[in-house]
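Novice: Once you've had a glance at the structure underneath, I'll fire off some questions.
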Amino acid sequence: MNLTKKREVQSLKSRIIYYDQSSDILSGSLRGKISEEIIALTLKQQKDTKEDWIFFSFDNDDKYSLNLILEKIHELKRKEDCHILLISKNPLHKELLTTLSFPISGLVSLSYLKDNYSNVLQTLLNTGIFLEADFHKDIVNEIDHIKYKSMPIKQLVLIKDKVDLQLSKNEQIVLQLILDGKNNKNIAEKLYFAESTISTIVCRLIKKTCARDRTDALVKAIKCGWVEGQR
């Protein structure tokens, strides 16, 4: 991938630099609007410090190109005091969370920037950081996942709403007891059923989950989303 510097604009003491991939993701008209807005904001702020603005537009489906961009960002951040905004051609997805560990100032999709460039630039100038609103959900979900991943699961619970159409009431009860670690004899004693009756119910569970055996039936139930872990 060739990181092409599309345009460099001198704005008072600041420079506005656009880097693009081989395809022209940022249109000339949008670059013009961004540059004009930055010049206006810089004049309004009347800051003495030099704050360069560097924009990287990329296709987030191209992992190799994105890695090269991130390497370039590290190099620039060491040399210059600047705002660095990543602009994705496509909607943002959670795989881009890794970019937040790099010295960037913000991350937005191209469609979002087109509609909200003034707010994005104003926020970057005032706070030094901007993330597209919908991406906040992915960040919260990832933090939540990391938080609960370290907590042990106390019990596997059958989600009855998801199996009402597939399993009879007795099959649901037996499957939950299997999830609780009970063997056929334990289950029979708990439900006051003959052990042979429990064996028959377990066989039906194996058949309905297309499993090889009782253990495989449990695994298939988890993979089907019938089970949730309570912590």
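Just so we're aligned, residue 0 is where the sequence shown starts under numbering that gives the first Met the number 0, counting upward by one.
Backbone N, C-alpha and C define an ideal beta-carbon position, used for all residues, glycine too.
It should be emphasised that the depicted structure is a prediction, and the values quoted were computed from it without experimental measurement.
Hey, E170 and L204: beta-carbon distance below 8 Å or not?
Specialist: In the sequence shown, the residue the question calls residue 170 occupies position 171. In the sequence shown, the residue the question calls residue 204 occupies position 205. Yes; because the gap between Cβ atoms is below 8 Å, this pair is in contact.
Novice: Out of K161, K168, L157 and V162, which one is the CA nearest neighbour of I177?
Specialist: Taking the first residue of the sequence shown as position 1, residue 177 is located at position 178. Ranking K161, K168, L157 and V162 by Cα distance to I177 puts L157 first.
Novice: Indicate the three-state DSSP secondary structure (helix, strand or coil) for I16 in the structure shown.
Specialist: In the sequence shown, counting from the first residue as 1, residue 16 sits at position 17. Of the three classes helix, strand and coil, the one that applies to I16 here is strand, per DSSP.
Novice: Alpha carbon to alpha carbon, what distance is there between E227 and R211?
Specialist: Working through the sequence shown from its first residue, we reach residue 211 at position 212. Working through the sequence shown from its first residue, we reach residue 227 at position 228. If you take the alpha carbons of R211 and E227, they lie about 22 Å apart.
Novice: Taking Q202 as part of the alpha helix (DSSP H), name the residues at either end of that continuous run.
Specialist: Taking the sequence shown and counting its residues from 1, one reaches residue 202 at position 203. Rather than Gln, the amino acid found at residue 202 in this sequence is Cys. Per DSSP, C202 belongs to the alpha helix (DSSP H) from E194 to K207.
Novice: Is H82 helix, strand or coil by DSSP?
Specialist: Sequence index remark: in the sequence shown, residue 82 carries index 83 (1-based). Three-state DSSP puts H82 in a strand.
Novice: Should C81 be labelled buried (16 or more other beta-carbon atoms within 10 Å of its own) or exposed?
Specialist: Taking the first residue of the sequence shown as 1, we reach residue 81 at position 82. C81 comes out buried.
Novice: Determine, using beta-carbon pairs with one atom in the stretch 64-75 and one in the stretch 25-43, whether at least three such pairs fall under 8 Å.
Specialist: No, they do not touch.
Novice: Look at the Cβ atom of L91, then the Cβ atom of E141, and state whether they are nearer than 8 Å.
Specialist: Numbered from 1 along the sequence shown, position 92 holds the residue referred to as residue 91. Numbered from 1 along the sequence shown, position 142 holds the residue referred to as residue 141. Not closer than 8 Å, so no.
Novice: Considering only the beta carbon of each residue, do F57 and L84 sit closer than 8 Å?
Specialist: Numbered from its first residue, the sequence shown carries residue 57 at position 58. Numbered from its first residue, the sequence shown carries residue 84 at position 85. Against a cut-off of 8 Å, the Cβ pair of L84 and F57 comes out as no contact.
Novice: By Cβ distance below 6 Å, which residues in the same chain neighbour L65 in space, the five residues on each side in sequence not counted?
Specialist: On the sequence shown, residue 65 is found 66 positions in, with the first residue counted as 1. Around L65: F57.
Novice: I'd like to confirm the pairing. Which residues does DSSP put opposite W52 in its beta bridges?
Specialist: The residue you call residue 52 lines up with position 53 of the sequence shown. DSSP output for W52 lists I15 and H82 as bridge partner(s).
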